[in-house]
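Heads up: the structure comes next, in structure tokens.
Chains as they are written, first to last, in our numbering: chain X, -3 to 356; chain S, 2 to 349.
Now the structure itself:
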């Protein structure tokens, strides 16, 4: 297919449809490997269109993918593309961006790759906030391997590894990726086309780590098992399940499509010095004899003191000694070194009280 | 100026001299010092990039990706971390990313004895990764050699377009010696691979043809790729036939040892001949055959239960005796008594 000869196809508005985005796709490799009705094609096409609109090309853009059906996307991009081992797309993209800040780095991958096997990298790459854009084709299933339950499979969904319905709740990518600013998280579907395009564009323009969670369909290995006959029926299902929310949000409910983003609110001062409290020298503490200590048993408004390993502690604040002279076998006003060493709890219970003196 | 330099520092400085501009790593004994130095160095030199990754998997992937992006990159780890890096190591061979993996060996398996030296990752460096790929590996035995061989490893990586492994051990990593690093001359092979952003290539770990088209069910394409890789490796390995041979007149026994073991037994050089392979893999088959011919007894002294010895046996088609120094115990006296026992058993 030649991009020139395809011109002249008219859209409803009478405008000539711009097909120049095709120069960003390796047309010689088409037809592609994906099943008819798959949502990945829409993701690939719309990302290519957005990149084309921004004027990015093979000299300044690199695509990185993981493994899976969606991992094949980078191979169809007419760019320098990296097809990493399973789950490692984010780390790879981050390293490329670090070495070559002049390149625009996009990640095209799937939910199993990014959120399950690459989950650790998702946590830490997003934390380090490199300026990369991630497009996650979230079809809620492991498609390439035949339809096993994935990290985003909704609870109760029947798959070939959860024949009675998925047991666990799905991972909430929206919560994970928006836990601390700066962040950019967008949820959209391949069905809500205009919203989808807006999300892609905004994500590409975001300075920092941006993540677009694209709810997509896998008709052959998920949809049919759920009872759908065509991809279109699945799209209608997306329309029922999700609705678009407009405006600035700080959180998306699980049935909402939208963009949540935040820049870092404040510049956090680096921790240069922590306050270290000086140790009190033993000599400066008040000396007690064991007889003197006995007076401080809490009676008549006096504080409760005990001795432990030569030091006297004020334990008046202890809830266990309120109102009585003793807490089980520990008698107030005594040297409790032996008792505490034999007690089931550790000595740290004593250390939280303040020193008031030492035993002579 | 001569100063006290540790093995870890020499490795790091060797990499810098070879032109390295990217390091990714994860803290692990005994190579944490390399990570620390990389962190300090990147503060002072903005062109040097550094990543303390979340795990060794990420460190290895970042190293290879940085290499594809155009930087000379390296990472450093120890046995358990190296196990995690195997996935990336295989990937590095398929996408032809020149980079260096430093593996300073400690007693394994698993956490093992983190501060004790061992030499038991040889099989892991050769065949730890899935499929057919066998990296080139060097193993120094002094701080100065750590410096030289790191630079050589980078050169071999550029030549072979593959990850190259620099072995060390916990002993060598923390060994301090007087060295003048500035006066050591080093030949540096510049980067030949085109960096990213210059074409429409696909770097994939999946089997592919020369154009980068994924081809996953054509044995001819796979074979073509594999033999080319093997040829390239063999050709590069031939450029580095590194070994040290200390012949001892009147000795009928040849001791084979490498790394720190060869340092420990060097005081036996007046009683036995000593052969020290420096290029650990591919095995120095030709050299081993030549050297071992004239000896009645061959004893491999190494920090594993005969990993290198098995390679020697394969190469020379002859049984050899072994002195396995396990659990980090490399005492000369003990080794000596074991050698005597071997010889007694062999009917000296």
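Yeah, the Cβ is synthetic: ideal placement off N, Cα and C, and Gly gets one too.
Taking one beta carbon from each stretch, the stretch 186 to 197 of chain X and the stretch 109 to 122 of chain X have fewer than 3 pairs nearer than 8 Å; the two do not touch. 9 Å or more divides the Cβ of residue 167 (chain S) from the Cβ of residue 135 (chain S). By the neighbour-count criterion, in which 16 or more other beta carbons inside 10 Å mark a residue as buried, residue 260 (chain X) falls on the exposed side. Taking residue 165 (chain X) as the centre and dropping the five residues before and after it, the same chain places the C-beta of 151 closer than 8 Å to its C-beta, in chain order. The beta carbon of residue 246 (chain X) sits closer than 8 Å to the beta carbons of 174, 256, 258 from its chain, once the five residues preceding and following it are set aside; these are given in chain order. With fewer than 16 other Cβ atoms from the protein chains shown falling within 10 Å of its own Cβ, residue 306 (chain X) counts as exposed.
In the DSSP assignment, residue 350 (chain X) falls within the unbroken beta strand (DSSP E) covering 350 to 355. If you check the CB distance, residue 291 (chain X) and residue 282 (chain X) do not come in under 9 Å.
If you look at residue 147 (chain S), you'll find it isn't in any beta strand (DSSP E); it sits in the alpha helix (DSSP H) that goes 144 to 161. Restricted to the stretch 8 to 69 of chain X, the beta strand (DSSP E) segments that are unbroken, complete and at least 3 residues in length are 57 to 61, listed in chain order. Judged by DSSP secondary structure, residue 79 (chain X) falls within the beta strand (DSSP E) whose first and last residues are 76 to 79. For residue 195 (chain X), the enclosing alpha helix (DSSP H) has its first and last residue at 189 to 201. Burial check for residue 236 (chain X): the Cβ neighbour count within 10 Å stays below 16, so the residue is exposed. By the neighbour-count criterion, in which 16 or more other beta carbons inside 10 Å mark a residue as buried, residue 23 (chain X) falls on the exposed side. Under the Cβ distance rule, residue 192 (chain S) does not count among the residues neighbouring chain X, no pair being separated by less than 9 Å.
Around residue 75 (chain X), the beta-carbon contacts reaching into chain S at under 7 Å are 201. Contact of residue 37 (chain X) with chain S is not assigned, every C-beta pair being separated by 9 Å or more. Listed in chain order, the non-local C-beta contacts of residue 143 (chain X) below 7 Å within the same chain comprise 137, 155, 156, 217, 218, 221, local neighbours out to five positions each way being set aside. Beta-bridge partners of residue 132 (chain X) (DSSP): X:105, X:209. No residue range can be given for residue 332 (chain S), since it is assigned to no alpha helix (DSSP H) and is classified by DSSP as neither H nor E. The stretch 3 to 21 of chain S makes no contact with the stretch 330 to 347 of chain X; the number of CB pairs closer than 8 Å stays below 3. If you look at residue 7 (chain S), you'll find it in the beta strand (DSSP E) that goes 4 to 7.
Non-local C-beta neighbours of residue 46 (chain X) in its own chain, meaning closer than 8 Å and more than five positions away in sequence, comprise 193, 196, 197, 200, ordered along the chain. In the structure shown, residue 284 (chain X) adopts extended strand secondary structure according to DSSP, grouped into three states. Contact note: residue 23 (chain S) reaches chain X through 91, 94, 95, using a C-beta cutoff of 8 Å and chain order.
Residue pairing from DSSP places residue 167 (chain S) in a beta bridge opposite S:103, S:139. Here residue 86 (chain S) is not bridged, per DSSP, to any residue. Relative to the Cα of residue 163 (chain X), the nearest Cα in the group X:169, X:148, X:171, X:170 belongs to X:148.
In the structure shown, residue 31 (chain S) falls within a coil segment according to DSSP collapsed to helix, strand and coil.
Secondary structure at residue 246 (chain X): coil, using DSSP grouped into helix, strand and coil. Boundaries for residue 336 (chain X): no beta strand (DSSP E) harbours it, while the alpha helix (DSSP H) harbouring it runs 333 to 338, taken from the DSSP string. Nearest to residue 99 (chain S) by alpha-carbon distance, out of S:277, S:289, S:192, S:334, is S:192. For the pair residue 182 (chain X) and residue 212 (chain X), the CB atoms are not nearer than the 9 Å cut-off. For the pair residue 129 (chain X) and residue 103 (chain X), the CB atoms are nearer than the 9 Å cut-off. Residues of the stretch 38 to 56 of chain X with a C-beta less than 9 Å from any C-beta of chain S: 54, 55, 56, listed in chain order. In summary, the residues of the stretch 206 to 238 of chain S whose CB is separated from some CB of chain X by less than 7 Å are 206, 207, 214, 215, in the order they occur in the chain.
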